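Novice: Read in order, the letters of the sequence shown correspond to residues 70 to 387 in our numbering.
Backbone N, C-alpha and C define an ideal beta-carbon position, used for all residues, glycine too.
Given the structure is predicted, the values throughout are model-derived calculations rather than measurements.
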Amino acid sequence: MSRSINRLSVSLLAIICFASCCISFASPLPDAKNGVYDSSANFLAGDVRKYVGQEIYLIEKPETEREFGYSGFYNSADSKEDNVYHPNTQYYTFYHEVAGKYFQVLDVVKHPEAPNNELFDNGKCFLKLKEKDSSAIMYFEYNSNNQFSFPFIVVGFYEKQKKIFRGRDMMFTDNSIKTYATKTDYKTNRTVAFITGQMWKCIDMVIPKNGRNIMMVMQDVIGQQMTIPFGTKYYNLRDAEAYKKKFGEPIFKKLLTGGISIGMTKEMCKLSIGEPYAIKGELQHGTGDKREEWQYDDGQSLFFINDHLVDIQKTIKN
């Protein structure tokens, strides 16, 4: 079933146990006078003035998170408790008042507690917004230091990334598939059969109705379709072939499964299980060899002499 609402095209399809909205956005509004928005980033941190003139979409929440609505919306550029836009409690705006709606960024407004001649107070200022359908004006408290507090998708960013990634071949690690990918087919709702090292082609990008991430719709050579969050680490065809040639196909496949073994190089270990959170190194007396210990958050430690793995230890955390 499909319908057209403004410039929104929605296709309701099943992803595991929730419905997804496939959203086709219109072209972004003209660039801001205070800087050119090139649509390469969704969160602009301190370059907030580049949002002016852009169209943004407020991401819907999972049903379990809708009770309290949204925080950060105000009637004017002031975050006082009695100034909340359409409040349902002391601090939150009613969910249905803003969820899934489009807004035009009209201006960036100085925070009332910011020092003279400065825009931010502890990284915060306000975006002056106009809701497309009702033309209602409201202000959103923007935190330039916290991208997770920005609940919007910039229309121009979404459209640009969809144009870039459609048709791209991607290979994911088993851990990424296990952690992030949907396990049922995007079209048929049947269980997807995953194979280590298989290539997937991005055929679309969608925004789930009950989630926060832009999702890539991926299809394999036999037509199976699954979704995985935009930004998930992947190997393109060229890099995958290069690593197969460099390490040998059995080793590269082992890296895709998250496996490590004695004798592997530092590069192999990073590709397999990622960067360590801490590295300790020392020179061994007599040989001049460098011994390093790589520590990981899960309690695992890898020990290298020069470039090769010589020992693996696991600390069990209480």
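Under a Cβ-count criterion, where at least 16 other Cβ atoms within 10 Å of its own Cβ denotes burial, should Leu378 be classed as buried or exposed?
Specialist: Within the sequence shown, numbered from 1, the residue matching residue 378 stands at position 309. Classification of Leu378: buried, given that the 10 Å Cβ count is 16 or more.
Novice: In angstroms, rounded to a whole number, what distance separates the CA positions of Lys232 and Ile283?
Specialist: For this step, residue 232 is matched to residue 163 along the sequence shown. For this step, residue 283 is matched to residue 214 along the sequence shown. Spanning the two alpha carbons is a distance of roughly 14 Å.
Novice: How is the beta strand (DSSP E) around Gln208 delimited, first residue to last?
Specialist: By one-based count along the sequence shown, residue 208 stands at place 139. What sits at residue 208 in the sequence shown is Tyr, not Gln. Start and end: 206–212.
Novice: Alpha carbon to alpha carbon, what distance is there between Phe372 and Leu352?
Specialist: Counting from one through the sequence shown, the residue named residue 352 turns up at place 283. Counting from one through the sequence shown, the residue named residue 372 turns up at place 303. Distance between the alpha carbons of Leu352 and Phe372 is about 13 Å.
Novice: Could you name the residues that DSSP lists as bridge partners for Ala250?
Specialist: Here residue 250 refers to the residue found at position 181 when the sequence shown is read from its first residue. DSSP, once it has assigned bridges, lists no residue as partnering Ala250.
Novice: Ala309 and Met207 - do their beta-carbons sit closer together than 7 Å?
Specialist: Here residue 207 refers to the residue found at position 138 when the sequence shown is read from its first residue. Here residue 309 refers to the residue found at position 240 when the sequence shown is read from its first residue. Their beta carbons are not under 7 Å apart, which means Met207 does not touch Ala309 by this criterion.
Novice: Hey, how far is the Cα of Gln369 from the Cα of Thr384?
Specialist: As a first step, residue 369 is located in the sequence shown; it is residue number 300 there, counting from the start. As a first step, residue 384 is located in the sequence shown; it is residue number 315 there, counting from the start. Whole-angstrom Cα-Cα distance: 6 Å.
Novice: Helix, strand or coil for Met274? Go by DSSP, reduced to three states.
Specialist: Taking the first residue of the sequence shown as position 1, residue 274 is located at position 205. Looking at Met274 - three-state DSSP - the assignment turns out to be strand.
Novice: When the Cα atoms are used, what is the spatial distance from Asp367 to His155?
Specialist: Position 298 of the sequence shown, counting from 1, holds the residue named residue 367. Position 86 of the sequence shown, counting from 1, holds the residue named residue 155. Going from the Cα of Asp367 to the Cα of His155 covers about 44 Å.
Novice: Can you find a C-beta in chain D that's less than 7 Å from the C-beta of Glu210?
Specialist: Annotation note: the requested chain D is absent from the structure, which comprises a single protein chain.
Novice: Assuming the contact rule is C-beta atoms closer than 8 Å, Val153 and Tyr160 should be a hit. Round their C-beta distance to whole Å, please.
Specialist: As a first step, residue 153 must be located in the sequence shown, where it is residue number 84. As a first step, residue 160 must be located in the sequence shown, where it is residue number 91. Yes, Val153 and Tyr160 are in contact; Cβ-Cβ is about 6 Å, under 8 Å.
Novice: Let's see if you can read the secondary structure: which residues bound the beta strand (DSSP E) around Met295?
Specialist: The residue given as residue 295 occupies position 226 in the sequence shown. First-last of the beta strand (DSSP E) with Met295: 294–298.
Novice: With 16 as the cutoff for other CB atoms within 10 Å, does Val105 come out buried or exposed?
Specialist: By one-based count along the sequence shown, residue 105 stands at place 36. When all chains shown are included, Val105 counts as exposed.
Novice: For the region 193–209 against the region 173–185, are there 3 or more C-beta pairs whose distance is under 8 Å?
Specialist: Yes: at least three Cβ pairs fall under 8 Å.
Novice: Residue range of the alpha helix (DSSP H) that Asp308 falls in?
Specialist: On the sequence shown, residue 308 is found 239 positions in, with the first residue counted as 1. Note, Asp308: alpha helix (DSSP H), 306–316.
Novice: Can you tell me where the alpha helix (DSSP H) with Gln230 in it begins and where it stops?
Specialist: Here residue 230 is taken as the residue at index 161 of the sequence shown, counted from 1. Residues 224–234.
Novice: Buried or exposed: where does Ser330 fall if 16 or more other Cβ atoms within 10 Å of its Cβ makes it buried?
Specialist: Here residue 330 refers to the residue found at position 261 of the sequence shown. Taking every protein chain shown into account, the CB of Ser330 has fewer than 16 other CB atoms within 10 angstroms, so this residue is exposed.
Novice: Quick check on the burial criterion: 16 or more other C-beta atoms within 10 angstroms. Buried or exposed for Lys149?
Specialist: For this step, residue 149 is matched to residue 80 along the sequence shown. Answer is exposed; the Cβ neighbour count stays below 16.
Novice: Give me the residue from Phe172, Ile246, Trp269 with the minimum Cα distance to Tyr201.
Specialist: Taking the first residue of the sequence shown as 1, we reach residue 201 at position 132. Here residue 201 turns out to be Lys, not Tyr, going by the sequence shown. Comparing Cα-Cα distances from Lys201 to each of Phe172, Ile246, Trp269, the minimum goes to Phe172.
Novice: Kindly indicate which residue of Ile291, Val224, Glu228 has the alpha-carbon position closest to the one of Tyr120.
Specialist: In the sequence shown, counting from the first residue as 1, residue 120 sits at position 51. The residue with the shortest Cα to Cα distance from Tyr120 is Val224.
Novice: For my contact list, Leu127 and Lys170 are in at a C-beta cut-off of 8 Å; report their separation, rounded to the angstrom.
Specialist: As a first step, residue 127 must be located in the sequence shown, where it is residue number 58. As a first step, residue 170 must be located in the sequence shown, where it is residue number 101. That belief holds up - the Cβ atoms of Leu127 and Lys170 are roughly 6 Å apart, short of 8 Å.
Novice: Just the Cα atoms here: how many angstroms apart are Glu336 and Leu324?
Specialist: The residue given as residue 336 occupies position 267 in the sequence shown. The residue given as residue 324 occupies position 255 in the sequence shown. If I take the Cα positions, the gap works out to 10 Å.
Novice: Closest by CA to Thr133, which one among Thr326, Asp289, Lys278?
Specialist: Within the sequence shown, numbered from 1, the residue matching residue 133 stands at position 64. Out of Thr326, Asp289, Lys278, Lys278 has the C-alpha closest to the C-alpha of Thr133.
Novice: Here's the rule I'm using: 16 or more other beta-carbon atoms within 10 Å means buried, otherwise exposed. How should Glu318 be labelled?
Specialist: Against the sequence shown, residue 318 aligns to sequence position 249. Classification for Glu318: exposed.
Novice: What is the C-beta distance between Arg235 and Ile272, in whole angstroms, given that I count them as a contact (C-beta under 8 Å)?
Specialist: Within the sequence shown, numbered from 1, the residue matching residue 235 stands at position 166. Within the sequence shown, numbered from 1, the residue matching residue 272 stands at position 203. Between Ile272 and Arg235 the Cβ distance is about 7 Å, and since that is below 8 Å, they are a contact.
Novice: So, is Phe217 buried or exposed, given that buried needs 16 or more other C-beta atoms within 10 angstroms?
Specialist: Translated into positions along the sequence shown, residue 217 becomes position 148. Answer is exposed; the Cβ neighbour count stays below 16.
Novice: With Ile342 as the anchor, note down where its alpha helix (DSSP H) starts and where it stops.
Specialist: For this step, residue 342 is matched to residue 273 along the sequence shown. Counting along the chain, the alpha helix (DSSP H) containing Ile342 begins and ends at 335–342.
Novice: Taking the straight line between their C-alpha atoms, what separation do you get for Glu344 and Tyr365?
Specialist: Within the sequence shown, residue 344 is the residue found at index 275, counting from 1. Within the sequence shown, residue 365 is the residue found at index 296, counting from 1. When the Cα atoms are used, Glu344 and Tyr365 turn out to be separated by approximately 8 Å.
Novice: Closest to Leu306 by CA distance: which of Thr326, Pro298, Gln267, Val167 is it?
Specialist: Here residue 306 refers to the residue found at position 237 when the sequence shown is read from its first residue. It is Gln267 whose Cα lies nearest to the Cα of Leu306.
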